[in-house]
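Worksheet: the structure to be examined is printed underneath.
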Amino acid sequence: MTEITSIARSRSWRGGLVVDDDVRPDEVAAAVQAADGLVWIDLLRPGVDELTELTEDLGLPATAVEDALEPWERPKVARHEDYLFFTVYAARLVPSEEGEVLGGRITTGRVSGIVTPRALLTIRIDDEFDMADVLRRWEESSDLLRFGSGALVHGLFDVVVDGHFDTIQQLDDEAERLEDLLFGQRRTSSAFIRQVFELRKHLVQVRRVVLPMREVVNTLLRHRAGESDGLDSWYDDLYDHVLRASEWTESLRDMVTTLFETNLSLQDSRLNQIMKKLAGWGAIIAVPTAITGWFGQNVPYWGFSQPFGVALSAGLIVATSAGLWAVFRANDWL
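In the working numbering, the protein residues as written are 1 to 334.
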């Protein structure tokens, strides 16, 4: 018998009550065969031999091992003859050392599962996802565990989707902060563009794990069609949460796109304002140039070689420039 060292946690219930919080591999078969028994085993970085032995104890075929250890498995639910297989991804935003959200990174934790009517075997290839939150959720809804492994799967998915909501909320807060920056200062710097890019990159990573959950939960609901175990309303509520998370990410994507486009529009508007002011001041500066050029002719004119000619030219410069300034100001050119 292969020694199974990858079991991170395990638990068994009877009638919804915990009877063992450390299920040994040789106890799995007996616990599953009990009429009202329910078993959960969590594997962290298991080997092929370990997983194969556990699936045999659960009475599953060897094909159950293949999908669970596939390194690039996409989020999905697959129905097999004797079991249900799923893969989902949790998402978490880890801030930078300075506490900046956009300077941090998005981490995803993969959780795969093999589900039978009386057992749930979860497989994690890393420790990015903490099963402690799932255990707390099961304890809070312990009355549902009498319905079998469907309650375990619901609690696990509910924690994953709640984590999606928390991450999306953080990104939404950052989008609102960037919106305030966009309209709260006269011009944006390259740092603002970098932050918008970081927000968009984080959002793309989150959407990769959030959007497939619609199909995952929908497929799970289809496979549950015809089963009346008291969990229907709970799964309907879970599907509603998944739809809300998906729609939220879509609206955030539109907001990020709007932030980028609005920033470009504001820059164009500011450039137009600058060009308009430069054109107005250029017209005013052209007046004294023209007048001094006229009075600088080498031909006689009214006031030529006379003291009042200087006063006349100076007066024309001041009056015409002031008149142009007043006209441009009235038309919001300056």
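Heads up, the beta-carbon is just placed ideally off N, CA and C, and yes, glycines get one too.
Pick helix, strand or coil for residue i, following the three-state DSSP scheme.
| i | result |
| --- | --- |
| Val153 | helix |
| Arg92 | strand |
| Arg11 | strand |
| Leu121 | strand |
| Ile106 | strand |
| Thr116 | strand |
| Glu179 | helix |
| Asp158 | helix |
| Thr168 | Reading the sequence as shown, one finds Ile at residue 168 and not Thr. In the structure shown, Ile168 sits in a helix (DSSP, three-state: H, G or I). |
| Leu221 | helix |
| Leu60 | coil |
| Val101 | coil |
| Ile285 | helix |
| Glu250 | helix |
| Asp237 | helix |
| Val242 | helix |
| Gly184 | helix |
| Gly315 | helix |
| Asp26 | helix |
| Glu128 | coil |
| Leu145 | helix |
| Ile423 | The structure shown does not extend to residue 423, since the chain is modelled only from 1 to 334, so the question has no answer here. |
| Gly230 | coil |
| Glu174 | helix |
| Glu215 | helix |
Going by DSSP, which residues form a beta bridge with residue i?
| i | result |
| --- | --- |
| Lys78 | Sequence check: residue 78 is Ala here, not Lys. Per DSSP, Phe85. |
| Ala68 | None; Ala68 has no bridge partner. |
| Val111 | Val88 |
| Thr258 | Paired residue(s): none; Thr258 is not in a bridge. |
Between which two residues does the beta strand (DSSP E) harbouring residue i extend?
| i | result |
| --- | --- |
| Ser190 | Note, Ser190: premise wrong, no beta strand (DSSP E); alpha helix (DSSP H) at Ser190 to Val210. |
| Val18 | Leu17 to Asp20 |
The alpha helix (DSSP H) with residue i in it runs from where to where?
| i | result |
| --- | --- |
| Thr52 | Val48 to Asp57 |
| Val39 | That residue, Val39, is in no alpha helix (DSSP H); its beta strand (DSSP E) goes Gly37 to Leu44. |
| Arg137 | Ala132 to Glu140 |
Could you check how far apart the C-beta atoms of residue i and residue j are, in whole angstroms? I think they sit under 8 Å.
| i | j | result |
| --- | --- | --- |
| Arg207 | Thr249 | 5 Å |
| Gly16 | Leu145 | 4 Å |
| Val209 | Pro75 | 7 Å |
| Arg118 | His223 | With a Cβ gap of about 17 Å, Arg118 and His223 do not count as contacting. |
| Leu220 | Val77 | 5 Å |
| Ser10 | Asp22 | 6 Å |
| Ile123 | Tyr83 | That pair is no contact at about 13 Å. |
| Pro25 | Asp49 | That belief does not hold up - the Cβ atoms of Pro25 and Asp49 are roughly 12 Å apart, past 8 Å. |
| Ala175 | Leu259 | 7 Å |
| Asp172 | Leu252 | 6 Å |
| Leu238 | Asp158 | 6 Å |
| Arg205 | Leu102 | It is Gln, not Arg, that sits at residue 205 in the sequence shown. Contact doesn't hold; Cβ gap of about 13 Å is too wide. |
Against chain B, does residue i count as a neighbour if the rule is that its beta carbon must be under 8 Å from one of theirs?
| i | result |
| --- | --- |
| Val327 | In the displayed structure, chain B is absent; only one protein chain is listed. |
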